[in-house]
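Participant: To convert a position in the sequence shown, counted from 1, into our numbering, add 36. A virtual CB, placed ideally from N, CA and C, is assigned to each residue, including glycine. Structure incoming, see below.
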Amino acid sequence: KKYNIAANASFVIGSPKETKEDILETYNFIKNNPLSLFDIYVLTPYPGTETWEYARKRNLVSNDMDWSKLNVNFGKNLKQSIILSEVLNREEIISIYRKFQLLRLFKNIKNVWFTPQVSDLPKMIFKMIQERLFLFKRIFSYNKK
37 KKYNIAANAS
47 FVIGSPKETK
57 EDILETYNFI
67 KNNPLSLFDI
77 YVLTPYPGTE
87 TWEYARKRNL
97 VSNDMDWSKL
107 NVNFGKNLKQ
117 SIILSEVLNR
127 EEIISIYRKF
137 QLLRLFKNIK
147 NVWFTPQVSD
157 LPKMIFKMIQ
167 ERLFLFKRIF
177 SYNKK
């Protein structure tokens, strides 16, 4: 913020061995640091990744599965999204995810007005109007000679 640089971040939770305490450390890190905007994702296996192979060995995924279960937006498919955690069940992951989403909403609303893009908006609008007026004047004051 000192140098007018927005610090945005994305975080992934729900790794197989990650405990609730581990995830809450991430939560507290986000809460206690001046991030401008952030987003949170639940680990999702995709074909060709080590995570996919891990999930395949646990029979959580296959090549002929319902691919909608692999939506990176966990909140859109809470009941069917694949949960890789061996420590936390679906309800616990959902509960923690909701906690992150409330923090995200609070921080993003609070900080959106301080991001460089938003604070520059009035200047950008003024510049655009100024350029259009100049162009308009030039077009309509053109005389054929």
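Going straight from the alpha carbon of residue 43 to that of residue 102, what length do you get?
Facilitator: Taking the sequence shown and counting its residues from 1, the one referred to as residue 43 is at position 7. Taking the sequence shown and counting its residues from 1, the one referred to as residue 102 is at position 66. Between residue 43 and residue 102, the C-alpha separation is close to 36 Å.
Participant: So, helix, strand or coil for residue 46, using DSSP?
Facilitator: Position 10 of the sequence shown, counted from the start, is the residue given in the question as residue 46. For residue 46, the three-state secondary structure derived from DSSP is strand.
Participant: Name the two residues that bound the continuous beta strand (DSSP E) containing residue 74.
Facilitator: On the sequence shown, position 38 is the one that residue 74 refers to. Start and end: 73 to 78.
Participant: Using the Cβ count rule (16 or more neighbours within 10 Å means buried), how would you classify residue 147?
Facilitator: Along the sequence shown, read from residue 1 onward, the residue named residue 147 stands at position 111. So residue 147 ends up on the buried side.
Participant: If distances are taken between C-alpha atoms only, which option among 140, 157, 170 comes closest to residue 45?
Facilitator: Taking the sequence shown and counting its residues from 1, one reaches residue 45 at position 9. Ranking the options by Cα distance to residue 45, first place goes to 140.
Participant: Taking the C-alpha atoms as reference points, what is the distance between residue 52 and residue 158?
Facilitator: Working through the sequence shown from its first residue, we reach residue 52 at position 16. Working through the sequence shown from its first residue, we reach residue 158 at position 122. Rounded to whole angstroms, residue 52 to residue 158 spans 47 Å at the Cα level.
Participant: Kindly give me the distance between the Cβ atoms of residue 50 and residue 119, rounded to whole angstroms, as I take these residues to be in contact under 8 Å.
Facilitator: Against the sequence shown, residue 50 aligns to sequence position 14. Against the sequence shown, residue 119 aligns to sequence position 83. Contact flag correct, Cβ pair sits at about 7 Å.
Participant: DSSP on residue 158, reduced to helix/strand/coil?
Facilitator: Numbered from 1 along the sequence shown, position 122 holds the residue referred to as residue 158. If DSSP states are grouped into helix, strand and coil, residue 158 belongs with the helices.
Participant: Which of helix, strand or coil does DSSP assign to residue 111?
Facilitator: Position 75 of the sequence shown, counting from 1, holds the residue named residue 111. In the structure shown, residue 111 sits in a helix (DSSP, three-state: H, G or I).
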